[in-house]
Amino acid sequence: VAKVAAPKSAEAAAPASASASSNTKPWRLSIATLAVDNGTLSYADKASGTPVAVEVTALKLIAQKVTPDTATVSPVELSGRIAAGRAEPGKFDYKGQVVLKPLSAEGRLEVAAFPAHAFKAYYADALNIDIRRAFASYRGTVRYDALPAGMSLKLAGDTAVEDFRANSAALTQSASPGLERANNQLLSWKALSLRGLQVALVPRAPLSVDVRETTLTDFFARVIVDPTGRLNLQNLTKKSQQAADTAAVAVADTQAAAASTERTRDGTTTTTAQVPPAAADSGSPSPVIRFGPMSLVNGKIDFTDLFVKPNYSADLSELTGKLSAFASNKPEMADLELRGKAQQTAALDISGKINPLAKPLELDITAKMRDLDLAPLTPYAVRYAGHGIERGKLSMDVNYKISAEGRLAATNKLVLNQLQFGEAVEGAPNSLPVKLAVALLADRNGVIDVDLPISGSLNDPQFSIGSLIFKALGTLIVKAVTAPFSLLTGGFGGGGPGEASAVAFDAGSAALSAGAKENLDKVAKALTDRPALQLTVVGTASLDKEREAAKRQRLRQLLLSEKRRTAARAGQNAAEVSAVSDAEYPDLLAAVYKRADIPKPRNLIGLTKDLPPKEMEDLLLASLTINEETIRQLAVERGGVVRDYLLTKQLPSERLFLGAVRTNPSGNDWKPAAELNLATR
975 VAKVAAPKSA
985 EAAAPASASA
995 SSNTKPWRLS
1005 IATLAVDNGT
1015 LSYADKASGT
1025 PVAVEVTALK
1035 LIAQKVTPDT
1045 ATVSPVELSG
1055 RIAAGRAEPG
1065 KFDYKGQVVL
1075 KPLSAEGRLE
1085 VAAFPAHAFK
1095 AYYADALNID
1105 IRRAFASYRG
1115 TVRYDALPAG
1125 MSLKLAGDTA
1135 VEDFRANSAA
1145 LTQSASPGLE
1155 RANNQLLSWK
1165 ALSLRGLQVA
1175 LVPRAPLSVD
1185 VRETTLTDFF
1195 ARVIVDPTGR
1205 LNLQNLTKKS
1215 QQAADTAAVA
1225 VADTQAAAAS
1235 TERTRDGTTT
1245 TTAQVPPAAA
1255 DSGSPSPVIR
1265 FGPMSLVNGK
1275 IDFTDLFVKP
1285 NYSADLSELT
1295 GKLSAFASNK
1305 PEMADLELRG
1315 KAQQTAALDI
1325 SGKINPLAKP
1335 LELDITAKMR
1345 DLDLAPLTPY
1355 AVRYAGHGIE
1365 RGKLSMDVNY
1375 KISAEGRLAA
1385 TNKLVLNQLQ
1395 FGEAVEGAPN
1405 SLPVKLAVAL
1415 LADRNGVIDV
1425 DLPISGSLND
1435 PQFSIGSLIF
1445 KALGTLIVKA
1455 VTAPFSLLTG
1465 GFGGGGPGEA
1475 SAVAFDAGSA
1485 ALSAGAKENL
1495 DKVAKALTDR
1505 PALQLTVVGT
1515 ASLDKEREAA
1525 KRQRLRQLLL
1535 SEKRRTAARA
1545 GQNAAEVSAV
1555 SDAEYPDLLA
1565 AVYKRADIPK
1575 PRNLIGLTKD
1585 LPPKEMEDLL
1595 LASLTINEET
1605 IRQLAVERGG
1615 VVRDYLLTKQ
1625 LPSERLFLGA
1635 VRTNPSGNDW
1645 KPAAELNLAT
1655 R
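Using the working numbering, the first residue of the sequence shown is number 975, and each one after it goes up by one.
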């Protein structure tokens, strides 16, 4: 029923010359009741490259007290079904009230299976993803007000996005065949449910979003490292892509223009660059977002790395867990528990604390993985080590801490079991002696147990956790080859250059000291635990640097022989005679001097003079001859005593070798030693 109020007939009949001050009120429309039942509405928008086409059926509208251009409160009921494409139609039902001036609405809204993807033309410009399917549901209250300062919107209820599927629009346009093949699907999930949702958008106030409970089920994400080393999920929106591009250009320009050189104390130089701060935002207040507990059920992540050649793929599956409450305006981190599988077989367990809304990301996460097969990681092994992986399993315990300042501190405890590399790959970017490294690191059971601590700053544009880990692994391999005994035993000390792989001797001597025996005990244990290794001992000596010391050692041997002779004549066991002590030295020196067939000073009657010990010592030393052959024999003895000592530790002789001695060492810092060289059997 519509009522139209018009001027009275007398007023209508008044001549045109009537006074301008006469009552000329405008027309006013008032609709007591407006009803539509079982209506149909088709909507199409072909203005953009992505057309919009939906159809509303079973449309029902009941509106009362509709008075345009007034603040009259009009009760409204609106319902119907909405469909796009071949999917089953969704439903909507609104019961509440509407005010036309100023425009406002308040009531209860129920929406089920609303085809949000049908309207992607209106929000696609802000996204780098192509949403193929997305059905939204909502049940709760809604209040909308058009205020002079702007729009006000408040929601309170439960919402869900179901059957979501999205491809990456950016990757679709890529010229890389590998990227195109990986683009079947980027993100998907069966259901994302937000219960207890409250949204408040008020002019001149930050957006407020509060979710009491969240559940994400049967979700999937394809994570791709592109040929430049960048993650595809970093560019889901056009804004994030533009920010990344701008930051990259700014960093490059700044590094080129503002690089400065600083001289360190040791005389070396280092180059640093001043990175500009991030561009200021628009001045709008940051949203306040609060999430209650989250449940994750049956997730899968498909990982593809196009940065390494050949490309590598892996997957995490059956990801199920929970995340406790967190908020953007509170520093507290949420508790995370997540379990699943890697490569279908390896058990994965992730726990710790994280605040996904912190900038930069703040977390303290511990992850455990057991028995991951390593052969699929061959692309990484070829790129960083130059060898493929034939077999092996990996278990790991890692902990990553990222502070509020963006500092990363991480520990990576890796256990590799039965790791076996293949032959070197021709043309690989790097080629490391990984077979020797494995033999050095693996114990008798073929297990490698290593710790790789890493650190860095997320504020560094070049920061990459992956590169830090592989750099640490590369450093470990290099250390295993260049300083193997330092890695195996913690280093010996006292052996000169490469001291961790040498047994030190006193100048001129081939006797093992107590310290040398202790170090060789470590070597014996390391070799016992690593049956794939064999050891070559190379004795060294120097005529120039050990001539005098060798003479004194020879004199000591003469004194010891004299002590044994005396013991034997007295009926004692000569084999049990101890070394010459300082107290015994003068008497034994005199005895050796007396028996020595050397020119000796005589008195006036021709008898041998009695001399002080120092003079006798000088005469005896002058009579001793030390030549190249003597020094060569000293080097041989040094190698022999080291080998013989290791044989007493039950090391098999087929794993111990004497190498060719070296009697012409170079370098002012050379010290007497027997060198130890490791190799694989």
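The C-beta atom is built at its ideal place from N, Cα and C for all residues, glycine as well.
Legend entry - Same chain, Cβ closer than 6 Å to ARG1539, five either side skipped, listed in chain order: none
Inset, instruction - Using the Cα positions of PHE1631 and ARG1617, report the straight-line distance between them to the nearest angstrom. - result: In a straight line, the C-alpha of PHE1631 is about 8 Å away from that of ARG1617.
Inset, instruction - Using the Cα positions of ILE1363 and ASN1206, report the straight-line distance between them to the nearest angstrom. - result: ILE1363 and ASN1206 have their C-alpha atoms roughly 28 Å apart.
Legend entry - Coil, strand or helix - GLY1013 by DSSP: Look at GLY1013 here: in three-state DSSP terms it is strand.
Legend entry - Touching by the beta-carbon criterion (3+ pairs, under 8 Å), the region 1024-1041 and the region 1050-1067: yes
Inset, instruction - Check whether the Cβ of ARG1082 sits closer than 7 Å to any heavy atom of the ligand NAD, and report yes or no. - result: Judged by which ligands are present, the structure shown has none, so any question about the ligand NAD falls away.
Inset, instruction - Answer yes or no: do SER1162 and THR1189 have a C-beta to C-beta separation smaller than 8 Å? - result: The answer is no: Cβ separation not under 8 Å.
Legend entry - Those residues which DSSP pairs with ASN1392 across a bridge: The amino acid at residue 1392 is misidentified as Asn; the sequence shows Gln. Beta-bridge pairing links GLN1392 to no other residue.
Inset, instruction - Keeping to the same chain, check which residues put their C-beta closer than 6 Å to that of SER1483; ignore five residues upstream and five downstream. - result: GLN1527, listed in sequence order.
Inset, instruction - Work out the CA separation of ARG1169 and SER1182 for me, nearest whole Å. - result: 16 Å
Legend entry - Cutoff 7 Å; reference PHE1093; Cβ partners in own chain excluding five residues on either side: VAL1026
Legend entry - Whole-angstrom distance between LEU1598 and LYS1588, CA atom to CA atom: 16 Å
Legend entry - Sequence-distant residues of the same chain with beta carbon closer than 6 Å to VAL1176, five excluded per side: Once the five neighbours on either side are set aside, the close Cβ partners of VAL1176 are SER1126.
Inset, instruction - At 3 residues or longer, and completely inside the region 1265-1320: list those beta strand (DSSP E) runs for me, N to C. - result: 1268-1279, 1286-1297 and 1308-1316
Inset, instruction - Please name the residue, chosen from ASP1200, GLY1326, LEU1121 and ALA1609, that lies closest to LEU1280 on a Cα-to-Cα basis. - result: ASP1200
Legend entry - DSSP-derived helix/strand/coil call for LYS1583: coil
Inset, instruction - Sort GLU1397, ALA1570 and VAL1040 by Cα distance to ALA1009 and report the nearest one. - result: VAL1040
Legend entry - Neighbour-count burial assignment, ARG1122, 16 or more Cβ in a 10 Å radius: Looking at the sequence shown, residue 1122 is not Arg but Pro. Exposed.
Legend entry - N- and C-terminal bounds of the beta strand (DSSP E) containing LEU1578: Looking at the DSSP string, LEU1578 is not in any beta strand (DSSP E), and its letter there is neither H nor E.
Inset, instruction - For the alpha helix (DSSP H) containing THR1540, list its first residue and its last residue. - result: 1517-1543
Inset, instruction - Locate the alpha helix (DSSP H) running through VAL1176, then write down its first and last residues. - result: Run containing VAL1176: none; DSSP gives neither H nor E here.
Inset, instruction - For VAL1412, count neighbouring Cβ atoms within 10 angstroms of its own Cβ and tell me buried if that reaches 16, exposed if not. - result: buried
Legend entry - Whole runs of the alpha helix (DSSP H) within the region 1392-1417, excluding any shorter than 4 residues: Counting whole runs of 4 or more residues, the region 1392-1417 contains the alpha helix (DSSP H) stretches 1408-1415.
Legend entry - DSSP beta-bridge partners of THR1340: Looking at the DSSP assignment, THR1340 forms a beta bridge with SER1325 and ASN1373.
Inset, instruction - Could you please give the first and the last residue of the uninterrupted beta strand (DSSP E) stretch that includes GLN1038? - result: 1026-1040
Inset, instruction - Using only alpha-carbon positions, find the residue among LYS1333, ILE1339, LEU1368 and MET1343 that is nearest to PRO1350. - result: LEU1368
Inset, instruction - Apply the 10 Å Cβ neighbour rule to ILE1328 and answer buried if 16 or more other Cβ atoms are within range, or exposed otherwise. - result: buried
Legend entry - Cα-Cα separation, GLY1326 to LEU1337: 8 Å
Inset, instruction - Determine the DSSP secondary structure at VAL1050, reduced to helix, strand or coil. - result: The three-state reading of DSSP puts VAL1050 in strand, counting E and B together.
Legend entry - SER1111 (DSSP reduced to helix, strand or coil): In this structure, SER1111 counts as strand in the three-state DSSP scheme.
Inset, instruction - Report yes if the C-beta distance between LEU1297 and GLY1273 is below 8 Å; otherwise report no. - result: With respect to GLY1273, LEU1297 sits apart: the two C-beta atoms are not nearer than 8 Å.
Inset, instruction - Could you check how far apart the C-beta atoms of GLU1136 and PHE1109 are, in whole angstroms? I think they sit under 8 Å. - result: Correct: roughly 5 Å between the Cβ atoms.
Legend entry - Cβ pair count under 8 Å reaching 3, the region 1490-1507 against the region 1535-1553: no
Legend entry - Assigned secondary structure, TYR1659 (DSSP; H/G/I helix, E/B strand, else coil): Limits of the chain in this structure are 975 at one end and 1655 at the other, which puts residue 1659 out of reach.
Legend entry - Host alpha helix (DSSP H) of THR1189 (start-end): Element bounds for THR1189: not the alpha helix (DSSP H) but the beta strand (DSSP E), 1182-1191.
Inset, instruction - Under 6 Å Cβ to Cβ from SER1287, same chain only, skipping five residues before and after it: list those, please. - result: THR1278
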